[in-house]
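Take the sequence shown: its letters are residues 3 to 137, numbered as in my numbering. Heads up, the beta-carbon is just placed ideally off N, CA and C, and yes, glycines get one too. Just so you know, these numbers come straight off a predicted model, no measurement behind them.
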Amino acid sequence: MNKIANAVLGAGLLVSALVPAASATASVGPARDAHIQLTVARTQGETEAVGFIWLDCPGQSGQAHPRTREACADLHTAHGDFTRLPGQDTAICSNDAGPVTVTAHGIYQGRQVHWEHTFDNDCELALATGPVFDF
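Structural data, given as structure tokens:
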């Protein structure tokens, strides 16, 4: 009987030693290149509309940012520098003219990111930043 009790006790200790290691590994998850909060503030007259979203790279479309893959690809091309985003060649623009202020705060490949810029309108924003602030 003593041999059975020792075997059960030994197996229990072995399992309890392995479970914390397994759960610690599972909680780490995949590494992120970027975790950045993006904001867009539009002002027309005395009315201001503000929206924000998280951009996580790598990521998949449908997880927070609607164009995650494209936005992450552009951010990667710019090496996390929002002033160097490739933007886009063309944009559909309206006659609405109102300033648009965008911000980016978070982490890109271990570096802190703090960026803000005001564009004259949505068209300039789209041409300069492409899909990154398209949400």
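- Query: Between the C-alpha atoms of residue 84 and residue 117, what's the straight-line distance to the nearest angstrom?
  - Reply: Stepping through the sequence shown from its first residue, residue 84 is reached at position 82. Stepping through the sequence shown from its first residue, residue 117 is reached at position 115. The C-alpha of residue 84 lies about 7 Å from the C-alpha of residue 117.
**Asked** In the DSSP assignment, what residue or residues form a beta bridge with residue 53?
**Response** Translated into positions along the sequence shown, residue 53 becomes position 51. Per DSSP, 42.
task: Give me the Cβ distance between residue 112 and residue 38, rounded to the nearest whole Å; I'm assuming they're in contact under 8 Å.
output: Against the sequence shown, residue 112 aligns to sequence position 110. Against the sequence shown, residue 38 aligns to sequence position 36. Not confirmed; about 13 Å, so no contact.
Mark residue 135 as exposed unless 16 or more other C-beta atoms lie within 10 angstroms of its C-beta, in which case mark it buried. Taking the first residue of the sequence shown as 1, we reach residue 135 at position 133. Buried, by the Cβ-count rule.
With a threshold of 8 Å on Cβ separation, who are the neighbours of residue 137 within its own chain once the five nearest residues in sequence on each side are excluded? Position 135 of the sequence shown, counted from the start, is the residue given in the question as residue 137. The residues are 40, 42, 53, 55, 67, 68 and 69.
### Task
Could you work out which residue in 95, 77 and 58 is closest to residue 89 when comparing CA atoms only?
Within the sequence shown, residue 89 is the residue found at index 87, counting from 1. Selection 95, 77 and 58 evaluated against residue 89 yields 77 as nearest (Cα-Cα).
*asked:* So, at 8 Å on beta carbons, what are the nonlocal neighbours of residue 123 in its own chain, with the 5 sequence-adjacent residues on each side left out?
replied: Residue mapping note: residue 123 aligns to position 121 of the sequence shown, counting from 1. Counting only Cβ-Cβ distances below 8 Å, and skipping sequence neighbours, we find 95, 98, 99, 100, 101 and 102.
**Request:** Express the C-alpha separation of residue 46 and residue 93 in angstroms, rounding to a whole number.
**Result:** For the purposes of this step, residue 93 is taken as the residue at position 91 of the sequence shown. For the purposes of this step, residue 46 is taken as the residue at position 44 of the sequence shown. It is roughly 20 Å from the alpha-carbon of residue 93 to the alpha-carbon of residue 46.
Return yes when the Cβ of residue 87 is within less than 8 Å of the Cβ of residue 131, no when it is not.
For this step, residue 131 is matched to residue 129 along the sequence shown. For this step, residue 87 is matched to residue 85 along the sequence shown. Yes, these two residues count as a Cβ contact at 8 Å.
I believe residue 138 touches residue 36 by the beta-carbon criterion, under 8 Å. Please report the beta-carbon distance rounded to the nearest angstrom. Limits of the chain in this structure are 3 at one end and 137 at the other, which puts residue 138 out of reach.
C-alpha gap between residue 110 and residue 126, whole angstroms:
Looking up residue 110 in the sequence shown gives position 108. Looking up residue 126 in the sequence shown gives position 124. Note on geometry: alpha-carbon atoms of residue 110 and residue 126 lie some 24 Å from one another.
Query raised in the report: Does the separation of the CB atoms of residue 133 and residue 48 fall below 8 Å?
Result: The residue labelled residue 133 in the question sits at position 131 within the sequence shown. The residue labelled residue 48 in the question sits at position 46 within the sequence shown. No, they are not a contact pair.
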